[in-house]
Amino acid sequence: MPIRLVLPLALVLLAAAAPAGAAGEPAAPPLTAAEVARRDATEHFINARLLAADGEFTEALKEFRLAIELDPSDGHLRREYAETLFDVQILPEAEREARKAVELLPGSPAAKRTLGQVLLASAKDKKGLEAAAAELRAAVEGLPGEPTGAVAYAQALLRLDRPKEAAQALEKVLDRGRGFAIPLLYAEALEKSDQLDAAEEVYRSVLRQDPDSPPASLGLLRVYERSRQWEKAAPLVQELVERQPRNLALRTQYGMLLFRARRYEDALSVLRDVLSADPGNRDALRAYATVLSDRQETDQADEALKKLQQVDPDDPEIALLRGLNFVEARRLDEAEKVLREARSLLVAKKAPKAEFAPVDGQLGYVAYLRKDYSGARSRVLPHLYVADGVNPQALNLLLQIARDENDPAEGLRLAREAMEKGARGVGTRAALGEFLVRSGTSADEAEGAKVLGELAAGEKPGALAAADAWQRMERHDRAAEVAAKALERFPADPDLLFRLGASLERQKRFEESVRAFEQLLAARPDHAAGLNYLGYMWAERGENLEKARDMIEKAVRLEPGSGAYLDSLGWVWFRLGDLDKAEKHLREASRLTPDDPTIEEHLGDVAERKGDLARARGHWKRSLELKPEDGGAKARERLDRTAASEPAEARR
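Position 5, counted from 1, in the sequence shown is what this note's numbering calls 103; the numbers after and before it change by one each time, with no gaps.
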């Protein structure tokens, strides 16, 4: 426990104990009763501090209480007692004494700081945290450069999910504390407020001074994970693995980082080594299956999950993972079979309703992929509302069904109901704004635009959600405006640059779009969505085809399970004239995304170029049935152009 110096009170005691004047000098007047009490209180106080410094807390607190009894109106004494109680975590009594100190010393920042610290330590809800923050803010304003109050205030703000304010509070005291506690807390606040580049620099600064700092290494690792800089994250964990080669959990984590960096073979090699040392390692089996599933090695992934199931046969989550593996591969019959088995396990063990929600959610998604919207709704509706609010998986699926069925009234009802149930996150607010705009009335549209505008003007997640909502409504001018304004507050942010580039492209502002994507890829060369979008845009325009192919191939290597990227790769090969490669990639894209009108249109174009008009027309007709974004203009043009080739009876 820190020893606090109380020089003024010590001097009082020394003065009280000083010898009388020299012979012949008049004797000092006797102390009054109040002065004697104050002197004795001071003596008990100093005894209390000495005992506390020696770890004799019980005796120290007795001395404090004696001091308070003798001088109950001394606010400084009350504050010191409250701080000692706080140090030994006797919080109720600490709060009483701190409140008394503030009452006796209403203008004392130190008393307010002590009360704020005590309230923060005992806070159990938002109301308690806000009360602590109010006292700590007053303390910080009274003593702007005092680090203890600033740190406690920042901690309260972080717990209130106000990280930007926490970072601002700590900026003023960065050079005031000893060690790295304040810089590390500052970096955490920057990290949580999405100032990831600044957080990275602070963590690196700490590591330059203390290369073995675990908090700085872990913080830097979190920054790299959040910013998807997996190649930077992997060496950090590799260093830890080299120090602890027998730590299988750490090696498994390293394997997953290599996977996220899309170093598939390295990831598999690390995970195989772990499984060689411990064949039943649950985390390693799960990670191994994840890598295989992402590589579309579906059967091998299922074999790994079956081994995991043998280790823990009663765990329904493993059956859920097996189902997800088949869903990702769009092997829906097998997915449904495994998911029903998972549900049967839950029934057999009489699991609570909450445990059924993820399984029913995936069964609902399987029904959705089959366009069985009624079946999808029946699966997820029972799980829409849960004890602590709204199930986001169920809500998002139901909102998407409302979009697909062009039913803005249902989407608006769902969004409003979710808000009433307490789901007030950016996703729900964006859905509310979107369906208000879609509803068709001028009043609703104005309200919806206001909701989306408020989101766009806030933090980055709100701006992204607002831009996405405008894009879904094909209001690409509004989406570009949101992204451009947000980039003024969050310069060079990759997610915002992607939204800006995509929205500009949809407005046919190609040069501006290319500049946005090139800026994005200069900052994040492994941004798969950016690589794919710019590559496909060039392929559509017949420009930079070799470069476009290289970019799209990189995107596919980064995310081999993306049907959209495989479609782009097939299309660029079509543009380059290699019809066999084009068809190969387009068919794989169709397997992964069987109801995509663009893929069907592209398959039709390949079939036509190969001379199979009947098959080409079949793909174009299916594209029309799937409601392409252009309303079917391209597919109709192709069907009209080739109508003469179709037998008359087939055209009826």
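We treat Cβ as the ideally placed atom computed from N, Cα and C, and that holds for glycine.
Residue i by DSSP, collapsed to three states: which one?
i	result
residue 353	helix
residue 445	helix
residue 487	strand
residue 721	helix
residue 360	coil
residue 432	helix
residue 545	helix
residue 345	coil
residue 221	coil
residue 606	coil
residue 740	coil
residue 140	helix
residue 130	coil
residue 588	coil
residue 119	Residue placement at residue 119 cannot be trusted, given a pLDDT of 48 that sits under 50; the coordinates are not used to answer.
residue 625	coil
residue 751	It is not possible to answer for residue 751, since the shown part of the chain is limited to 99 through 750.
residue 244	coil
residue 235	helix
residue 258	coil
residue 640	coil
residue 156	helix
residue 695	helix
With distances taken between CB atoms, is the gap from residue i to residue j smaller than 8 angstroms?
i	j	result
residue 720	residue 740	no
residue 239	residue 212	no
residue 328	residue 294	no
residue 230	residue 205	no
residue 280	residue 288	no
residue 305	residue 291	no
residue 626	residue 657	yes
residue 568	residue 577	yes
residue 632	residue 673	no
residue 628	residue 615	yes
residue 529	residue 497	yes
residue 731	residue 717	no
residue 575	residue 605	yes
residue 532	residue 570	yes
residue 203	residue 209	yes
With a threshold of 16 other CB atoms inside 10 Å of the CB of residue i, please say whether the residue is buried or exposed.
i	result
residue 198	buried
residue 171	exposed
residue 246	buried
residue 242	exposed
residue 337	exposed
residue 177	buried
residue 129	exposed
residue 133	exposed
residue 119	Reliability fails at residue 119, whose pLDDT of 48 lies under 50, so the model's placement of it is uncertain and no value is given.
residue 233	buried
residue 504	exposed
residue 414	buried
residue 309	exposed
residue 686	buried
residue 165	buried
residue 351	buried
residue 100	Summary for residue 100: the model assigns pLDDT 44, below 50, so the residue's position carries little reliability; its value from the coordinates is reported in the next sentence. By the 10 Å Cβ count, residue 100 comes out exposed.
residue 450	exposed
Report, in whole angstroms, the separation of the C-beta atoms of residue i and residue j, which I expect to be a contact under 8 angstroms.
i	j	result
residue 382	residue 346	7 angstroms
residue 282	residue 313	5 angstroms
residue 509	residue 468	Not a contact, Cβ separation roughly 21 angstroms.
residue 711	residue 743	5 angstroms
residue 277	residue 301	No, residue 277 and residue 301 are not in contact; Cβ-Cβ is about 15 angstroms, not under 8 angstroms.
residue 216	residue 252	17 angstroms between Cβ atoms; not a contact.
residue 670	residue 697	At roughly 14 angstroms, the Cβ-Cβ gap does not stay under 8 angstroms, so residue 670 and residue 697 are not in contact.
residue 661	residue 683	So it is not a contact: roughly 10 angstroms between Cβ atoms.
residue 457	residue 440	5 angstroms
residue 582	residue 525	That belief does not hold up - the Cβ atoms of residue 582 and residue 525 are roughly 22 angstroms apart, past 8 angstroms.
residue 403	residue 423	7 angstroms
residue 580	residue 541	Contact flag wrong, Cβ pair sits at about 22 angstroms.
residue 479	residue 493	In fact, because the Cβ distance is near 10 angstroms, the residues do not count as touching under 8 angstroms.
Using a Cβ-Cβ cut-off of 8 angstroms, state whether residue i counts as contacting chain D.
i	result
residue 141	The chain inventory of the structure shown lacks chain D, comprising one protein chain alone.
Problem set entry | Length-filtered (4 minimum) alpha helix (DSSP H) runs lying within the segment 267 to 305 | Fully enclosed alpha helix (DSSP H) runs of 4 or longer: 279 to 290.
Problem set entry | Segments of 3+ residues assigned as beta strand (DSSP E) that fall wholly inside the segment 374 to 417 | Those beta strand (DSSP E) runs which fall completely within the segment 374 to 417 and span 3+ residues do not exist here.
Problem set entry | Contiguous alpha helix (DSSP H) assignments of at least 4 residues, all confined to the segment 444 to 529 | Within the segment 444 to 529, the runs of alpha helix (DSSP H) that reach at least 4 residues and sit entirely inside it are, in chain order, 451 to 467, 471 to 478, 490 to 502, 506 to 518.
Exercise. Of all the alpha helix (DSSP H) runs that stay within the bounds of the segment 644 to 672, which reach a length of 4 or more residues?
Worked result: Within the segment 644 to 672, no complete alpha helix (DSSP H) run reaches 4 residues.
Exercise. Enumerated in chain order, which unbroken segments of the alpha helix (DSSP H) with a length of 4 residues or greater are wholly contained in the segment 164 to 218?
Worked result: Segments of the alpha helix (DSSP H) lying fully in the segment 164 to 218: 173 to 185, 189 to 202.
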